[in-house]
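Numbering (this note's numbering), first residue to last: -9 to 113.
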């Protein structure tokens, strides 16, 4: 399975398995059913939707990708964690890895609450 075969939601998740700033591996925790739609005029965010189809696509990619990358993925209800494995095994110091949680509904709600708090203090 190649990158081009992935759904947009699956690509969004995989792009976060490495930190954009320093290229270090990070755990991605996301929620199946997550949707983020940017508000009009907001150039800092982009639309992200991770649905069951994306999860199934991602699951298949982690088992059959053409690039030799190995992943560990675990799901509990609608919450999924995925990590890119170095040397094909789960690291002993897993708790020391940063966790990317922006693709969860509670993270979206928290950022909206934070924004409204800032707006109310500005007034």
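Ideal placement from N, C-alpha and C gives every residue a C-beta, glycine not left out.
Near residue 13, which residues of its chain fall below 6 Å by C-beta distance, leaving aside the five closest residues on each side in sequence?
-> In its chain, beyond the 5 residues on either side, no residue has a beta carbon closer than 6 Å to the beta carbon of residue 13.
Can you name, in chain order, every residue of its own chain whose Cβ lies under 8 Å from the Cβ of residue 111, other than the five neighbours on each side?
-> Because residue 111 sits at a pLDDT of 46, beneath the cut-off of 50, its placement in the model cannot be relied upon, and the point is left open.
Report yes if the C-beta distance between residue 26 and residue 18 is below 8 Å; otherwise report no.
-> Contact flag unset, no.
Could you tell me the boundaries of the beta strand (DSSP E) in which residue 21 lies?
-> In the DSSP assignment, residue 21 falls within the unbroken beta strand (DSSP E) covering 17 to 21.
In angstroms with no decimal places, state the Cα-to-Cα distance between residue -7 and residue 71.
-> Their Cα atoms are separated by approximately 20 Å.
Confirm, please, whether the CB-CB distance from residue 47 to residue 0 is below 8 Å.
-> Yes, these two residues count as a Cβ contact at 8 Å.
Please report how far the alpha carbon of residue 40 lies from the alpha carbon of residue 24, in whole angstroms.
-> Just so you know, the alpha carbons of residue 40 and residue 24 end up roughly 5 Å apart.
Going by other Cβ atoms of all chains shown within 10 Å of its Cβ, with 16 needed for buried, is residue 89 buried or exposed?
-> Its Cβ having fewer than 16 others within 10 Å, residue 89 is exposed.
Mind checking who residue 39 pairs with in its DSSP beta bridge?
-> According to DSSP, which records beta bridges pairwise, residue 39 is partnered with 25.
Determine the extent of the alpha helix (DSSP H) in which residue 84 is found, giving its start and end residues.
-> Secondary structure note for residue 84: it is in no alpha helix (DSSP H), with a DSSP letter that is neither H nor E.
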